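Position one of the sequence shown corresponds to residue 21 (the numbering used here), numbered consecutively onward.
Just so you know, even glycine gets a beta-carbon here, dropped at the ideal spot from N, CA and C.
Since the structure is predicted, the reported quantities are computational estimates derived from the model, not experimental observations.
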Amino acid sequence: MSIDIVSDGKEALEVMKNTPLEHVYTLLLMDCQMPIMDGYETSRNIRAGYAGDHYKNTPIIAMTANAMSEDKEKCLTAGMSDYLSKPLQPEGIESILRKWLLNASFKSEASPLIPETPDTPDALQIWDKTSFLRRLKSLNDLQHSLIELFLIEAPEKIDQLRQQQGDIHWSHMSHIAHVIKGVSANLSGIQLNQLATELETAAIAGNKEKVDTLIPPTIAALQQLSLRLSQHNQETPAPQ
Numbered sequence: 021m022s023i024d025i026v027s028d029g030k031e032a033l034e035v036m037k038n039t040p041l042e043h044v045y046t047l048l049l050m051d052c053q054m055p056i057m058d059g060y061e062t063s064r065n066i067r068a069g070y071a072g073d074h075y076k077n078t079p080i081i082a083m084t085a086n087a088m089s090e091d092k093e094k095c096l097t098a099g100m101s102d103y104l105s106k107p108l109q110p111e112g113i114e115s116i117l118r119k120w121l122l123n124a125s126f127k128s129e130a131s132p133l134i135p136e137t138p139d140t141p142d143a144l145q146i147w148d149k150t151s152f153l154r155r156l157k158s159l160n161d162l163q164h165s166l167i168e169l170f171l172i173e174a175p176e177k178i179d180q181l182r183q184q185q186g187d188i189h190w191s192h193m194s195h196i197a198h199v200i201k202g203v204s205a206n207l208s209g210i211q212l213n214q215l216a217t218e219l220e221t222a223a224i225a226g227n228k229e230k231v232d233t234l235i236p237p238t239i240a241a242l243q244q245l246s247l248r249l250s251q252h253n254q255e256t257p258a259p260q
């Protein structure tokens, strides 16, 4: 095992972009409070592909001095996969490495949320419940909170998408799609994640025809995922 250390998030992105494909990093330990670019912004940039598409789904482990549930939620919302609380303990580090590096389903080039075979959005799973619960298996309260937050924000995102139909503001459109993409990845909403990814790409490219085509199915996917998650939270009450 080899380890590289950088001093801030901006440097991390540069190093990752310039790393040969045969030597890509299989796991990233992310200090949340770095100078220049903190861990949250760095993680969002990685998930958006600014370090290279092959890093979009690489496990990112937050290292934070804050152990409160809202801080853990902030890490996951930023696109991080897991977290370690400071001060770091050897057994905690070992457990995280075993979890993410020795997992049988984990490949040397991190397994993407969306299968690499080009499935159409209609053929993709609405919610990968198994993946979502596995990632947050010991955090029932956080599972419930992430779902509740999504259910609160989903109607607003649907309204924002509808407002863009026929009158697109490109920077706003790409931002909406980017937010939906990140949230759906955290929740393992596979169909919505692919649609939001395509929508963001089309918005960045200024492709009006593609954006107009993608908005309706993205709205439908938001509604379908909301229904699945709402049913799950109703069947699995929040811990007392």
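Are there 16 or more other CB atoms within 10 angstroms of the CB of residue i, so buried, or fewer, so exposed?
{"i": "Ser128", "result": "The predicted position of Ser128 is uncertain, since its pLDDT is 35 and thus under 50; no value can be drawn from it."}
{"i": "Ser115", "result": "exposed"}
{"i": "Arg67", "result": "buried"}
{"i": "Leu198", "result": "Contrary to the premise, residue 198 reads as His rather than Leu in this sequence. Buried, by the Cβ-count rule."}
{"i": "Asn65", "result": "buried"}
{"i": "Lys201", "result": "buried"}
{"i": "Leu247", "result": "exposed"}
{"i": "Ile172", "result": "exposed"}
{"i": "Gln243", "result": "exposed"}
{"i": "Pro138", "result": "In this predicted model, Pro138 has a pLDDT of only 44, less than 50, meaning its place in the structure is not dependable; the value taken from the coordinates is given anyway. Exposed: under 16 other Cβ atoms inside 10 Å."}
For residue i and residue j, what's the separation of their Cα atoms in angstroms?
{"i": "Lys76", "j": "Pro257", "result": "32 Å"}
{"i": "Ser165", "j": "Ile188", "result": "32 Å"}
{"i": "Ala85", "j": "Asp51", "result": "9 Å"}
{"i": "Ala225", "j": "Leu33", "result": "23 Å"}
{"i": "Gln254", "j": "Glu31", "result": "44 Å"}
{"i": "Leu249", "j": "Gly59", "result": "28 Å"}
{"i": "Pro40", "j": "Tyr70", "result": "15 Å"}
{"i": "Met57", "j": "Gly99", "result": "15 Å"}
{"i": "Lys149", "j": "Ser191", "result": "32 Å"}
{"i": "Gly186", "j": "Leu207", "result": "29 Å"}
{"i": "Lys228", "j": "Ile113", "result": "47 Å"}
{"i": "Gln180", "j": "Phe170", "result": "15 Å"}
{"i": "Arg118", "j": "Thr221", "result": "35 Å"}
{"i": "Leu156", "j": "Pro175", "result": "25 Å"}
Between the options, which lies nearest to residue i when the distance is taken from Cα to Cα?
{"i": "Gly29", "options": "Pro55, Thr39 and Pro40", "result": "Pro55"}
{"i": "Pro236", "options": "Lys177, Ser165, Gly209 and Leu166", "result": "Lys177"}
{"i": "Glu168", "options": "Ser194, His192 and Val203", "result": "Val203"}
{"i": "Asp183", "options": "Ile196, Tyr70 and Met100", "result": "The sequence shown places Gln at residue 183, not Asp. Among Ile196, Tyr70 and Met100, the Cα nearest to that of Gln183 belongs to Ile196."}
{"i": "Lys94", "options": "Ser63, Gly112 and Gly72", "result": "Ser63"}
{"i": "His43", "options": "Met193, Asp24, Leu215 and Ser151", "result": "Asp24"}
{"i": "Met193", "options": "Pro175, Ala216, Ile172 and Leu212", "result": "Ala216"}
{"i": "Gln163", "options": "Lys92, Leu117, Glu229 and Ile146", "result": "Lys92"}
{"i": "Asn160", "options": "Asp73, His252 and Glu111", "result": "His252"}
{"i": "Ile81", "options": "His74, Thr97 and Asp73", "result": "Thr97"}
{"i": "His74", "options": "Gln53, Tyr103 and Lys37", "result": "Lys37"}
{"i": "Gly72", "options": "Glu61, Tyr103 and Val35", "result": "Val35"}
{"i": "Met83", "options": "Gln53, Glu61, Glu90 and Glu111", "result": "Gln53"}
Using three-state DSSP, classify residue i as helix, strand or coil.
{"i": "Asp148", "result": "coil"}
{"i": "Thr78", "result": "coil"}
{"i": "Asp28", "result": "coil"}
{"i": "Tyr60", "result": "helix"}
{"i": "Asp187", "result": "coil"}
{"i": "Leu49", "result": "strand"}
{"i": "Thr97", "result": "helix"}
{"i": "Met193", "result": "helix"}
Do residue j and residue i have their beta-carbon atoms positioned less than 7 Å apart in this structure?
{"i": "Leu219", "j": "Thr238", "result": "yes"}
{"i": "Val231", "j": "Ala241", "result": "no"}
{"i": "Leu47", "j": "Trp120", "result": "yes"}
{"i": "Leu153", "j": "Gly209", "result": "no"}
{"i": "Pro79", "j": "Ser101", "result": "yes"}
{"i": "Ile146", "j": "Gln211", "result": "yes"}
When the cut-off is 7 Å and only beta carbons count, does residue i lie next to chain B?
{"i": "Ala32", "result": "This model lacks chain B altogether, as it is built from one protein chain only."}
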